[in-house]
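Sequential numbering of the sequence shown, starting at 19, is according to the numbering used here.
I have placed the structure first, in the form of structure tokens, so that the comments after it can refer back to it.
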Amino acid sequence: MMPLPKALGSAWRALFAREAQQPYFQQLEQFLAARQAAGATIYPPQQQWFAAFVNTPFAQVKVVILGQDPYHGPGQAHGLSFSVADDVPLPPSLRNIYRELVDDLGVPWPNQGNLTPWAKEGVLLLNAVLTVEEKRAGSHAGQGWETFTDAIISHLNAQRENLVFVLWGAYAQRKAAMIDAHRHCVITAPHPSPLSAYRGFFGSKPFTQVNAYRRRHQLAPIHWALPAAAQGTLF
Numbered sequence: 019m020m021p022l023p024k025a026l027g028s029a030w031r032a033l034f035a036r037e038a039q040q041p042y043f044q045q046l047e048q049f050l051a052a053r054q055a056a057g058a059t060i061y062p063p064q065q066q067w068f069a070a071f072v073n074t075p076f077a078q079v080k081v082v083i084l085g086q087d088p089y090h091g092p093g094q095a096h097g098l099s100f101s102v103a104d105d106v107p108l109p110p111s112l113r114n115i116y117r118e119l120v121d122d123l124g125v126p127w128p129n130q131g132n133l134t135p136w137a138k139e140g141v142l143l144l145n146a147v148l149t150v151e152e153k154r155a156g157s158h159a160g161q162g163w164e165t166f167t168d169a170i171i172s173h174l175n176a177q178r179e180n181l182v183f184v185l186w187g188a189y190a191q192r193k194a195a196m197i198d199a200h201r202h203c204v205i206t207a208p209h210p211s212p213l214s215a216y217r218g219f220f221g222s223k224p225f226t227q228v229n230a231y232r233r234r235h236q237l238a239p240i241h242w243a244l245p246a247a248a249q250g251t252l253f
């Protein structure tokens, strides 16, 4: 079985242990071991495959932002959807997310692309596929990760109340079928990639929508502002 981070909370650990007994997960482990043995460069590093769950314990999840698979460039992916490691230039999708964040809430432009502060706020930054190979987008799709992350979404849907699921793009929106919209909030918009951001992502005000829902249910809003860039800095 692939090693789990020591910092992984007990609720996630119990769910992971259950899934690890399933044939699909054992096949996934075999696939990953074979790719590592073949010398493939896999992102993020293995110790960060489950970083989203370490940073956002099950009981603290308030929002889920679903991505597709990790960034496939060196040094980018670190286990949180749409996020990049410290001091890494912003990928286009994240730059567009920041543009909408600034326009939506009037907060300053963030100083880098690490979204760990959101994760600590209770935003589960979950990719549907948790690994990828260098310069090969989608290379680990269809190997079992999707079944695993479907189980995560289904468990959150069943065991929690008044969560907000943010589904950007058609791929993420297919997951809406697993979510009870009477007990949770589902926010959809086109994907923030340059190919689709102008088709309705810009101006969709997802951050305002999340906090409006939480306030309606007497829940504290998410603090979306990130450390600000120096004035005049373009990152």
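Ideal placement from N, C-alpha and C gives every residue a C-beta, glycine not left out.
Give me the Cα-Cα distance between residue i and residue j, rounded to the nearest whole angstrom.
{"i": "Y231", "j": "C203", "result": "7 Å"}
{"i": "A195", "j": "A103", "result": "32 Å"}
{"i": "P92", "j": "D105", "result": "13 Å"}
{"i": "Q54", "j": "D122", "result": "42 Å"}
{"i": "L50", "j": "W186", "result": "27 Å"}
{"i": "I171", "j": "L142", "result": "11 Å"}
{"i": "P239", "j": "V150", "result": "33 Å"}
{"i": "A32", "j": "T165", "result": "17 Å"}
{"i": "L144", "j": "A207", "result": "17 Å"}
{"i": "L237", "j": "I83", "result": "18 Å"}
{"i": "F34", "j": "P23", "result": "11 Å"}
{"i": "F253", "j": "H235", "result": "In this prediction, F253 scores a pLDDT of 49, lower than 50, which makes its location untrustworthy; no coordinate-derived value is stated."}
{"i": "P88", "j": "T226", "result": "26 Å"}
{"i": "D168", "j": "P245", "result": "32 Å"}
{"i": "A52", "j": "R233", "result": "48 Å"}
Among the options, which residue has its Cα nearest to the Cα of residue i?
{"i": "H90", "options": "I83, I171, F100", "result": "F100"}
{"i": "S157", "options": "I60, Q236, A188", "result": "I60"}
{"i": "A38", "options": "L144, K153, G162", "result": "G162"}
{"i": "G27", "options": "N132, V150, P88, Q78", "result": "Q78"}
{"i": "N175", "options": "A199, Q191, E164, R192", "result": "A199"}
{"i": "P21", "options": "R178, F68, A52", "result": "F68"}
{"i": "P224", "options": "A32, A155, L213, W242", "result": "W242"}
{"i": "P110", "options": "L33, S211, G57, G124", "result": "S211"}
{"i": "V182", "options": "Q66, L119, E47, N229", "result": "N229"}
{"i": "R154", "options": "A29, N180, L119, A58", "result": "A58"}
Residues bridged to residue i by DSSP?
{"i": "R154", "result": "E151"}
{"i": "L26", "result": "Per DSSP, none; premise fails for L26."}
{"i": "G85", "result": "N145"}
{"i": "Y116", "result": "Looking at the DSSP assignment, Y116 forms no beta bridge with any residue, so it has no partner."}
{"i": "Y42", "result": "Looking at the DSSP assignment, Y42 forms no beta bridge with any residue, so it has no partner."}
{"i": "P128", "result": "A246"}
Look at residue i and residue j and say whether their C-beta atoms are less than 8 Å apart.
{"i": "A95", "j": "P62", "result": "yes"}
{"i": "Q64", "j": "Y189", "result": "no"}
{"i": "V147", "j": "A159", "result": "yes"}
{"i": "V81", "j": "G140", "result": "yes"}
{"i": "L98", "j": "G131", "result": "no"}
{"i": "V184", "j": "I205", "result": "yes"}
{"i": "P135", "j": "A247", "result": "no"}
Return yes when at least one heavy atom of the ligand ZN lies under 7 Å from the C-beta of residue i, else no.
{"i": "G91", "result": "The ligand ZN is not part of the structure shown, which contains no ligands of any sort."}
Handout entry: Cβ contact check for the stretch 113-130 and the stretch 218-238: 3 or more pairs under 8 Å
Key = yes
Exercise for the section: Determine contact between the stretch 69-78 and the stretch 43-52, defined as no fewer than three beta-carbon pairs at a distance below 8 Å. Expected result: Result no; under three Cβ-Cβ pairs closer than 8 Å.
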